[in-house]
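For the sequence shown, the tail end lands on 160 under this note's numbering, and the numbers increase by one without skipping.
Ideal Cβ positions, reconstructed from N, Cα and C, are used throughout, including at glycine.
Since this is a predicted model, take the numbers as computed values, not measurements.
Down below is the structure, laid out as structure tokens.
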Amino acid sequence: MRKLLLYPAAKPIVFAMCLLPLVWLVYAALANQLGANPAEALIRSTGDWTLRALCLVLAVTPLRLLTSTPQL
């Protein structure tokens, strides 16, 4: 786990993965896949992704304690 965190490209990969929801939303908007009410679809989708990100962030401390990786 420690070697993975020290890998130089780990941070840019995580940042790129965080941008995937935005890419998906832009694609859906340009392809007219948001449905009859696009504003509601955008609000719901961003809310879902926000809750997922919050769950991941809140899981960091227990993961840190379980793996004994303080720099996580």
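One Cα belongs to G123, the other to A129, and the distance between them is close to 7 Å.
Non-local C-beta neighbours of R132 in its own chain, meaning closer than 8 Å and more than five positions away in sequence, are absent. Three or more beta-carbon pairs separated by less than 8 Å link the region 132-150 to the region 108-118, which places the two stretches in contact. Taking 9 Å as the cut-off, the Cβ atoms of L144 and R152 do not count as close.
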